[in-house]
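A.B. asks: The following block contains the structure, expressed as structure tokens.
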Amino acid sequence: MQIYNSLNRRKEEFIPKDPGKIGIYACGVTVYDLCHIGHARSLVVFDVIYRYLKYRGYDVTFVRNFTDIDDKIINRSNERGVSWKALAEQYIDEFYVDMDRLGLLRPTYEPRATDHITEIIDLVEKLEEKGLAYAVDGDVYYRLQNFKGYGKLSGKNIDDLLSGARVEVDDRKESPLDFALWKKSKAGEPSWDSPWGEGRPGWHIECSAMSQKFLGDTFDIHGGGKDLIFPHHENEIAQSEGASGKPLAHFWVHNGFVNIDQEKMSKSLGNFLTIRELLEDCHPEVLRFFVVSSHYRSPIDFSTENVAVAAASLERLYQSLDRLLRTAAGTAAETSSMDEKINFWRQEFIAAMDDDFNSAAACAVLFEVSKEVNRWLDADVSQNDKPEAASCIARFLREIGAPLGLLQEEPQAFLQRGGGSDGELTATEIEALIVDRSTARTERNWAEADRIRDLLDEKGIILKDSADGTQWQRKH
RNA sequence: GGCGCCAUCGCCAAGUGGUAAGGCAGAGGUCUGCAAAACCUCCAUCUCCGGUUCAAAUCCGGAUGGCGCCUCCA
């Protein structure tokens, strides 16, 4: 398996530290607001990686943290007059709502920063002992000059950073680039007792402390969005490797951004769309398909048109799955005459995903299967085990859809599920109209039949007449 | 100013040396009462200019055009 390693800026053969086992740490969210679609992409990307590595038979330990204390949380809790704790709890709950709707697997561990104050303090003390940290008036800073190799992940060097100098000057720091490991708390702020007085952790230290606790000094993959490379991940390396003297992660994996209409989406630009808003009229699997149909490192441009394309594409796959399940008609066979074909497709899928999680190429395999299946079903060949073969292919489609989080719904449920907006016809109403239309059709009253079909079409319902009756689905 | 990424059909998007995957849209056809879905056929030489090579979208140099990080950020 090849994975692109941000550390060396090239694809490298991936070999787990311990055979058969993989440890992954992905930086999670700061819980002070609802998640936006940029978070969704990152979450989906690492969910796919997690699922796929498990699919390949690895014993995966996946850790994703919650940052539940920081400036933004404190500020917002003050604005709203609620405690930082209540605010964090609220948004952790909201996070789970979105996560479940997106069908994200729960990581093995989801540690919170404030549950690891002891570990954080221990780590800061260790850095202090090693001369890599110094305390000033209750604050503790990282002493960058004493760490060799700062900048190896982001490709920056200390001199350039100093001359770039958009760093605020703080006389108490030995160097402008030294960053906070522990922050002295101001009056009224949340704080924990420490050797340096009442305070709270700095921005980066939690990830070093928690990854060490759950995955050890060195683990296989560390991930996050590209924007975390500097300074967050760079500082994590300084902290963790400074303390342990060992490499933090063998592979660094970073996902690309989500742009909205060609522009970077960010909090500061205010052009972000929350997962919740999007899911009001977009099926969660459509969002997943949208994410997975591009390579995880490329930027993706979010727009209504692009999501519509994703919906149309996914629908095609579900149409095939639907046909397969109808043909199988409840048959559940273990093997069939299609086994060889299925195995060939499986190898194609694995080859795509083994190449740096090339989910876009993997999607092409899904479409290839879909195409061949439709052709096969259309041909109406007399084949002894057609239902058995259909059930095997259907199961296989779901097997390779699973790592991507696709095709896990019942086709009818997916196809008949609308955008979710109000004013739509219920299934019962639709089916009543279909009965009326069928009556008209048997009477060869085409005008009436078409009137009903047009009526349904206006409501976003599409009909499909076939030998065994009329199927319906909603436009997505 | 420093560091880095990208540029493939109308749109989305794979492809890192051997002669352009896939999806959406479009054109024609089959099927259908008509449709829808599906199937068949058609639909790009890879921003530009040089170079390396028997061979380049793929490597090197340059140009142009996008973008990111250097500040909170997935």
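So the first sequence is numbered by the working numbering: it starts at 26 and just counts up by one.
No residue lacks a Cβ here, since even glycine has one placed at the ideal position from N, Cα and C.
(1) On the three-state DSSP scale, how would you describe Glu38?
(2) Using only alpha-carbon positions, find the residue among Ile487, Thr243, Lys500 and Leu32 that is nearest to Lys251.
(3) Just the C-alpha distance for Tyr166 and Lys198, rounded to the nearest angstrom, thanks.
(4) Going by DSSP, which residues form a beta bridge with Glu413?
(5) Are the segment 33–44 and the segment 337–346 touching by the rule of at least three beta carbon pairs closer than 8 Å?
(6) Would you check if the distance between the CB atom of Asp123 and the CB atom of Ile325 is smaller than 7 Å?
(7) Mind pulling the beta strand (DSSP E) runs of 3 or more residues that sit fully within the segment 125–208?
(8) Roughly how many angstroms lie between the CA atoms of Glu135 and Gly222, to the nearest whole one?
(9) How about Asn280 and Tyr321: do their beta carbons lie closer than 7 Å?
(10) Hey, which unbroken runs of the alpha helix (DSSP H) at 4 residues or more fall wholly within the segment 256–339?
(11) Looking only at its own chain, which residues have a Cβ that is under 6 Å from the Cβ of Leu127, when we skip the five neighbours before and after it?
(12) Beta-carbon within less than 7 Å of Ala158's beta-carbon, same chain only, minus the 5 sequence neighbours each way: which residues are those?
(13) Going by DSSP, what residue range makes up the beta strand (DSSP E) through Tyr29?
(14) What residues in its chain sit with their C-beta under 8 Å from that of Asp84, if we drop five residues either side in the sequence?
(15) Three-state secondary structure (DSSP) at Gly227?
(16) Over what stretch of residues does the alpha helix (DSSP H) that includes Lys366 continue unbroken?
(17) Measure the alpha-carbon distance for Val398 versus Ser345 and round it to whole angstroms.
(18) Helix or strand or just coil, what does DSSP make of Ile94?
(19) Looking at Ile230: is its Cβ nearer than 7 Å to the Cβ of Ile145?
(20) Assuming the contact rule is C-beta atoms closer than 8 Å, Val88 and Thr133 should be a hit. Round their C-beta distance to whole Å, please.
(21) Tell me the DSSP secondary structure of Gly485 in three-state form.
(22) Quick one: using the 10 Å Cβ neighbour count with 16 as the cut-off for buried, is Lys292 buried or exposed?
(23) Please name the residue in Ser407, Arg313, Arg348 and Leu402 whose C-alpha comes closest to that of Val69.
(24) From Ala415, Met378 and Leu349, pick the residue whose C-alpha is nearest to that of Glu359; which is it?
(25) Quick check on this structure: which residue in Gln115, Arg466, Asn90 and Gly426 has the alpha carbon closest to the alpha carbon of Trp228?
(26) Measure the CB-CB distance between Glu36 and Asp381 and report whether it falls below 7 Å.
(27) Under a Cβ-count criterion, where at least 16 other Cβ atoms within 10 Å of its own Cβ denotes burial, should Val73 be classed as buried or exposed?
(28) When you compare only the Cα positions, how much space is there between Asp447 and Leu349?
(29) Please classify Val316 as buried or exposed, where buried requires at least 16 neighbouring CB atoms within 10 angstroms.
(30) Return the chain-ordered list of same chain residues with a C-beta closer than 6 Å to the C-beta of Ser323, the five sequence neighbours on each side being excluded.
(31) Given that a residue counts as buried once 16 or more other Cβ atoms are within 10 Å of its Cβ, and exposed if not, what is Asp245?
C.D. replies: According to the structure data:
(1) Strand at Glu38.
(2) Nearest to Lys251 by C-alpha distance, out of Ile487, Thr243, Lys500 and Leu32, is Leu32.
(3) Roughly 7 Å between the two C-alpha positions.
(4) None, per the DSSP bridge assignment.
(5) No, the segment 33–44 does not touch the segment 337–346.
(6) Against a cut-off of 7 Å, the Cβ pair of Ile325 and Asp123 comes out as no contact.
(7) List check, beta strand (DSSP E) in window: 158–161 and 164–167.
(8) Cα to Cα, the separation comes out at about 28 Å.
(9) Yes.
(10) You should have 259–269, 300–304 and 309–317.
(11) If we look at Leu127 and ignore the five residues flanking it on each side, its Cβ neighbours are Pro309.
(12) Its chain contains Val149, Leu152, Val165, Tyr166, Tyr167, Arg168 and Leu206 as the residues whose beta carbon lies nearer than 7 Å to that of Ala158, once the 5 sequence neighbours on both sides are disregarded; these appear in chain order.
(13) Element bounds for Tyr29: Gln27 to Asn30.
(14) Answer for Asp84: Gly45, Lys46 and Ile47, listed in chain order.
(15) Reduced to three states, the DSSP call for Gly227 is coil.
(16) From DSSP, the alpha helix (DSSP H) with Lys366 extends over Asp364 to Asp379.
(17) Cα atoms of Val398 and Ser345: separation of roughly 7 Å, rounded to the nearest angstrom.
(18) Coil at Ile94, not helix or strand.
(19) Yes, the Cβ-Cβ distance between Ile230 and Ile145 is below 7 Å.
(20) With 8 Å as the limit, Val88 and Thr133 qualify as a contact, their Cβ atoms being about 6 Å apart.
(21) In the structure shown, Gly485 adopts coil according to DSSP, grouped into three states.
(22) Exposed, because fewer than 16 other Cβ atoms sit within 10 Å of the Cβ of Lys292.
(23) The residue with the shortest Cα to Cα distance from Val69 is Arg313.
(24) In this structure, Ala415 is the residue among Ala415, Met378 and Leu349 with its C-alpha nearest to the C-alpha of Glu359.
(25) Taking each of Gln115, Arg466, Asn90 and Gly426 in turn and checking the Cα distance to Trp228, the smallest one comes out for Asn90.
(26) Note that residue 36 corresponds to Lys in the displayed sequence, not to Glu. Less than 7 Å divides the Cβ of Lys36 from the Cβ of Asp381.
(27) Val73 is buried by the Cβ-count criterion.
(28) Per-residue confidence for Asp447 stands at a pLDDT of 49, beneath the threshold of 50, marking its modelled position as unreliable; no derived number is given.
(29) Residue environment analysis places Val316 among the buried positions, since at least 16 neighbouring C-beta atoms fall within 10 angstroms of its C-beta.
(30) Taking Ser323 as the centre and dropping the five residues before and after it, the same chain places the C-beta of Gly281 closer than 6 Å to its C-beta, in chain order.
(31) Looking at its Cβ environment, which holds 16 or more other Cβ atoms inside 10 Å, Asp245 is buried.
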